[in-house]
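Accompanying notes for the structure given below.
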Amino acid sequence: MLAPCAGLLDDPDHVLAHLELLLQRQSIHAAPDQRARSGAADAAGVRHPPLRTRRRPVWLVALCLWVTALAGFAPAAAAEQNGLSARPPMGWNDWYAAYCGVNAQLIEQTAQTIVSNGMKAAGYQYVNIDDCWMAPSRDSAGNLVADPTRFPDGIKPVADYVHNLGLKLGIYEDAGTTTCAHLPGSYGHEAQDAATFASWGVDYLKYDRCSIPFGDFPGQSEQQVQQTLNTRMSNALKATGRPIVFSICNPDPGDDPWRWGAPIANLWRTTPDIEDNFGSMLVNFEGTVNLFSDAGPGAWNDPDMLQIGNGGSTRPEYRTEFSLWAEMAAPLIASTNLAALSPQALAIYENAGVIAVDQDPLGKQGVPISSQGGRWVLSKELSGGDRAVVLFNSTDTAATIATRAIAVGLRAARAYRLEDLWSNSVSESRGPISAFVPAHSVVMYRVAAIDRRRARALAPHIVLSLAAAVPQLFSGRSTIVRETLSDDGLAPVKRVKLTFRVGLGWRIKRLGRARVKRLAAGQRYTVAFRVTAPVSGPPSELGGLSGGASWDPLDGWRATAAFLGERVLAPVPPPYQTADITRQPAAFAARDGAFAISARGTGVLQPWNAPPTGSYAAIYERQRAGASSTAQVTVSYDAAGGSAGGAGLIERDAMTAPAGSPAGVVLFVNGAGTVVMSWNATGGRDVDSRFAVPGVVAGPVTLRLVRSGSSYTGYYSTNGGVTWAPVDTVTVAAGASAGNQDVGVFHASGLPTWTTTATFRDFSVR
Ligand code: GLA
Numbered sequence: 131m132l133a134p135c136a137g138l139l140d141d142p143d144h145v146l147a148h149l150e151l152l153l154q155r156q157s158i159h160a161a162p163d164q165r166a167r168s169g170a171a172d173a174a175g176v177r178h179p180p181l182r183t184r185r186r187p188v189w190l191v192a193l194c195l196w197v198t199a200l201a202g203f204a205p206a207a208a209a210e211q212n213g214l215s216a217r218p219p220m221g222w223n224d225w226y227a228a229y230c231g232v233n234a235q236l237i238e239q240t241a242q243t244i245v246s247n248g249m250k251a252a253g254y255q256y257v258n259i260d261d262c263w264m265a266p267s268r269d270s271a272g273n274l275v276a277d278p279t280r281f282p283d284g285i286k287p288v289a290d291y292v293h294n295l296g297l298k299l300g301i302y303e304d305a306g307t308t309t310c311a312h313l314p315g316s317y318g319h320e321a322q323d324a325a326t327f328a329s330w331g332v333d334y335l336k337y338d339r340c341s342i343p344f345g346d347f348p349g350q351s352e353q354q355v356q357q358t359l360n361t362r363m364s365n366a367l368k369a370t371g372r373p374i375v376f377s378i379c380n381p382d383p384g385d386d387p388w389r390w391g392a393p394i395a396n397l398w399r400t401t402p403d404i405e406d407n408f409g410s411m412l413v414n415f416e417g418t419v420n421l422f423s424d425a426g427p428g429a430w431n432d433p434d435m436l437q438i439g440n441g442g443s444t445r446p447e448y449r450t451e452f453s454l455w456a457e458m459a460a461p462l463i464a465s466t467n468l469a470a471l472s473p474q475a476l477a478i479y480e481n482a483g484v485i486a487v488d489q490d491p492l493g494k495q496g497v498p499i500s501s502q503g504g505r506w507v508l509s510k511e512l513s514g515g516d517r518a519v520v521l522f523n524s525t526d527t528a529a530t531i532a533t534r535a536i537a538v539g540l541r542a543a544r545a546y547r548l549e550d551l552w553s554n555s556v557s558e559s560r561g562p563i564s565a566f567v568p569a570h571s572v573v574m575y576r577v578a579a580i581d582r583r584r585a586r587a588l589a590p591h592i593v594l595s596l597a598a599a600v601p602q603l604f605s606g607r608s609t610i611v612r613e614t615l616s617d618d619g620l621a622p623v624k625r626v627k628l629t630f631r632v633g634l635g636w637r638i639k640r641l642g643r644a645r646v647k648r649l650a651a652g653q654r655y656t657v658a659f660r661v662t663a664p665v666s667g668p669p670s671e672l673g674g675l676s677g678g679a680s681w682d683p684l685d686g687w688r689a690t691a692a693f694l695g696e697r698v699l700a701p702v703p704p705p706y707q708t709a710d711i712t713r714q715p716a717a718f719a720a721r722d723g724a725f726a727i728s729a730r731g732t733g734v735l736q737p738w739n740a741p742p743t744g745s746y747a748a749i750y751e752r753q754r755a756g757a758s759s760t761a762q763v764t765v766s767y768d769a770a771g772g773s774a775g776g777a778g779l780i781e782r783d784a785m786t787a788p789a790g791s792p793a794g795v796v797l798f799v800n801g802a803g804t805v806v807m808s809w810n811a812t813g814g815r816d817v818d819s820r821f822a823v824p825g826v827v828a829g830p831v832t833l834r835l836v837r838s839g840s841s842y843t844g845y846y847s848t849n850g851g852v853t854w855a856p857v858d859t860v861t862v863a864a865g866a867s868a869g870n871q872d873v874g875v876f877h878a879s880g881l882p883t884w885t886t887t888a889t890f891r892d893f894s895v896r
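Printed below as a string of structure tokens:
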């Protein structure tokens with residue numbers, strides 16, 4: 131990377147001219163003060179003279195080399211010319227906290243909270259109002275008006291309030307005729323609305339795409355129309371003279387705003403509205419992670435807001451979300467009720483080391499180095515030469531994820547300093563960068579190349595990991611688990627002791643020595659254990675296998691622990707059969723009249739049996755449902771997944787029949803907690819659905835499917851069958867279902883990339 135500058139060292143003026151060119155080309159890439167010197171307009175719209183071109187001292191030549199190396203001579207993306215968002219915006223948005231319940235009080239109280247809870251000091255700046263802030267119609271002059279109940283004094287006093295706290299105010303509009311909540315859109319009013327926002331003191335506009343009149347633009351593709359309308363607003367905002375960050379929201383398939391957003395917007399949504407669950411987070415991560423070359427200072431990929439604190443994910447999952455967003459240089463916009471935030475969630479939002487990765491002045495989005503089997507290695511280049519390395523385990527089983535310093539782009543060095551940004555521990559490594567990462571979790575390191583002398587002051591990087599020969603076991607069966615301690619550092623460790631524990635009902639036999647006197651630098655020690663799964667318990671259970679290790683490095687005794695979840699399954703007995711038409715092997719279990727299914731699968735709302743658009747796993751009885759029969763089961767499924775997924779009853783002429791097969795009916799709880807009945811009315815590939823009202827159920831639900839020939843009635847009960855609510859009565863394809871049908875329970879996670887588990891009890895067919 132230094133090569134382009136190397137030949138210029140004897141000619142400082144040449145170097146300097148190059149530096150100036152670089153700074154001008156990348157005016158948006160530079161910090162505000164640098165930008166001012168480059169001749170670009172600053173945030174207040176003031177133009178500054180360009181750098182003078184007299185001979186510069188050698189230190190400046192060195193600076194050139196450094197800047198040149200950082201920039202790598204990559205052509206700067208043509209970033210939005212408003213000079214804003216040199217770093218990804220940080221702030222808050224009300225949408226996932228309040229939806230249409232937004233009002234002035236919420237905005238002002240949240241602004242206060244951002245100051246008092248430390249988020250402002252941590253870098254959160256924007257307080258953004260989303261949809262539903264406005265009155266249903268414009269005034270007689272065509273101006274937007276705030277909803278008189280939600281914002282009785284209008285938006286300006288709210289902006290003043292927020293500004294007085296040293297924060298900035300954001301607002302929401304739509305490029306079409308209405309917003310997503312059917313309030314007036316900016317179409318045809320762009321200049322007027324931009325002027326209104328500027329007059330109110332708005333600092334940030336989120337611009338949606340819910341009702342764009344594509345018909346007004348004959349001959350233009352939808353993408354072109356979105357580009358035209360967003361450009362109109364971009365120009366209108368600039369024309370106001372007020373610095374207003376422009377955040378566009380075009381996340382529908384084919385919109386691809388990363389291809390056209392950079393010259394007109396500071397950030398663009400890459401992916402659908404995020405939900406508060408791991409599966410949705412994963413979809414938005416995967417939809418953004420490969421767009422790294424489209425992002426840069428002033429122009430960011432936006433995988434949507436942070437759900438941390440909303441309660442639908444575990445603490446490690448929220449840490450994962452925060453780490454991945456920071457690694458992708460994504461906007462950090464919290465969307466939760468900050469007044470009710472737990473200290474644990476707040477600590478995630480305020481992790482200074484992770485925020486520094488997101489806000490790094492170089493403004494590079496992290497790059498995926500590998501992702502095999504859902505085990506990701508990401509590397510983000512940071513200013514000064516460090517790398518932020520995320521080891522992300524998107525699978526359901528803890529796993530060792532390993533890379534090397536050179537592979538993530540660090541320079542060759544004797545040693546590397548690994549700072550764990552969540553545990554805050556610091557260690558030295560001779561090159562390997564690895565960790566035993568729990569399911570759905572990350573380990574995030576800031577890595578720097580160091581010399582041997584600095585390495586000596588640090589403890590060697592030690593990794594304890596567990597690996598089972600098979601990820602799941604039938605009850606009473608055995609497998610081998612290997613426990614390994616690796617010394618990745620430059621110094622040996624002494625008096626190594628490995629321990630291993632199993633949960634209730636397990637049996638264990640150690641197959642090697644548990645103690646070693648000395649583990650040399652770069653070596654590992656493995657001890658194997660034979661474990662036998664319990665013979666009783668629930669049909670499917672995540673058994674706890676945990677390893678521990680202690681050792682003695684030069685600076686005193688240390689210990690660590692690792693946990694491996696091993697699924698134990700009771701085999702499904704006859705007369706029940708299993709059907710798996712997901713792409714990944716599903717796990718089935720049955721004991722004492724209870725069933726469990728762990729599966730991926732996109733669900734049954736799409737064409738039956740056509741992976742990857744429709745796939746599920748079932749435990750069923752062949753031809754057990756007669757023309758006049760009732761099937762019933764109680765389902766526990768609260769692992770929110772894609773809403774196409776779910777768990778419940780299924781009846782089909784043939785459970786594993788191919789696409790386009792005759793009639794079938796399912797009655798289930800979906801990933802969003804709604805009871806749904808879906809059926810195939812035609813015998814073709816289409817499935818109809820009825821969503822039960824009221825929507826969301828929590829806890830076990832009892833489902834009942836009553837068949838009478840080709841007519842089916844679905845019911846559900848949330849009190850164990852004391853009272854029943856009907857869902858619908860439907861008729862399936864004529865001619866089908868004259869005789870007996872296969873009947874059973876099914877589960878699909880709703881997403882092809884991750885597994886959830888549903889449990890069922892008291893399944894009966896009468
Ligand atoms: C769309 C956007 C969301 C939110 C809502 C408001 O769905 O993608 O982020 O702004 O509109 O109606």
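In the working numbering, the protein residues as written are 131 to 896.
C-beta: ideal position from N, C-alpha, C; glycine also.
According to DSSP, simplified to helix, strand and coil, what is His570? His570 falls in the coil class under three-state DSSP.
Let me know the secondary structure DSSP gives Gly652 once reduced to three states. coil
Do the stretch 513-527 and the stretch 441-460 make contact, defined as three or more Cβ pairs closer than 8 Å? yes
Beta-carbon separation of Leu628 and Val661 under 8 Å? The answer is no: Cβ separation not under 8 Å.
Select from Gln322, Leu236, Val245 the residue whose C-alpha is nearest the C-alpha of Asp269. The shortest CA-to-CA distance from Asp269 to any of Gln322, Leu236, Val245 is the one to Gln322.
Put Ala160 into one of helix, strand or coil per three-state DSSP. Reliability of the predicted coordinates at Ala160 is poor, the pLDDT of 27 falling under 50, and the value obtained from them is presented with this limitation in mind. Residue state, collapsed to three classes: coil.
In the DSSP assignment, the beta strand (DSSP E) including Met807 goes from what residue to what residue? Met807: member of the beta strand (DSSP E) spanning 804-809, first to last residue.
By a C-beta neighbour count over all protein chains shown, 10 Å radius and 16 as the cutoff for buried, is Thr279 buried or exposed? Burial call: exposed.
Evaluate contact between the stretch 307-324 and the stretch 357-374, counting only Cβ atoms and requiring at least three cross-stretch pairs below 8 Å. Segment contact: the stretch 307-324 against the stretch 357-374, three or more CB-CB distances shorter than 8 Å; contact assigned.
Restricting to runs no shorter than 3 residues, where is the beta strand (DSSP E) found entirely within the stretch 596-642? 602-604, 608-617, 623-632, 637-640
Taking 7 Å as the cut-off, does the CB of Tyr302 come closer than this to any heavy atom belonging to the ligand GLA? Under cutoff, so the answer is yes.
Tell me which same chain residues have a C-beta within less than 7 Å of the C-beta of Asp858, skipping the five on either side of it? Excluding sequence neighbours, Asp858 sits near Met807, Arg820, Gly844.
Opening and closing residue of the alpha helix (DSSP H) in which Ser329 lies: 320-330
Quick one: Cα of Pro568 to Cα of Val836, how far? 43 Å
Thinking Tyr767 and Val873 are a contact (beta carbons under 8 Å), I'd like their distance in whole angstroms, please. Not confirmed; about 19 Å, so no contact.
Does Leu397 pass the burial test, meaning 16 or more other C-beta atoms within 10 Å, or should it be called exposed? Buried, because 16 or more other Cβ atoms sit within 10 Å of the Cβ of Leu397.
Taking its Cβ as the centre, do 16 or more other Cβ atoms sit within 10 Å of Lys639, making it buried, or is it exposed? Answer is exposed; the Cβ neighbour count stays below 16.
Which residue's Cα is closest to the Cα of Leu335: Pro343, Phe347, Pro348, Met363? The option with the nearest alpha carbon to Leu335 is Met363.
Can you find the residues in the same chain that come closer than 6 Å, C-beta to C-beta, to Asp710, ignoring five residues on each side of it along the sequence? Ala716, Ala747.
With a threshold of 16 other CB atoms inside 10 Å of the CB of Ala482, please say whether the residue is buried or exposed. exposed
Helix, strand or coil at Pro278 according to DSSP, with G and I counted as helix: coil
Give the straight-line distance between the Cα atoms of His178 and Leu214, rounded to the nearest whole angstrom. Residue placement at His178 is poorly supported in this model, since its pLDDT is 30, which falls under 50; the coordinates still yield a value, given next. Taking the straight line from one Cα to the other gives about 16 Å.
Taking only three categories from DSSP, how would you classify Thr370? helix
Please return the same chain residues whose Cβ sits closer than 7 Å to the Cβ of Asp490, not counting the five positions on each side in sequence. Leu512, Ser513
DSSP beta-bridge partners for Asn523? Arg505, Ser571
Extent of the continuous alpha helix (DSSP H) to which Ser670 belongs: From DSSP, Ser670 is part of no alpha helix (DSSP H) but of the beta strand (DSSP E) over 670-682.
Please indicate yes or no: does the CB of Pro381 lie closer than 7 Å to some heavy atom of the ligand GLA? Yes, the ligand GLA has a heavy atom inside 7 Å of this Cβ.
What beta strand (DSSP E) runs, 3 residues minimum, are completely inside the stretch 362-437? 375-378, 397-399, 430-432
Considering only heavy atoms of the ligand GLA, does any lie closer than 7 Å to the CB of Trp225? yes
Which one or two residues does DSSP pair with Asn223 in a beta bridge? Asn258
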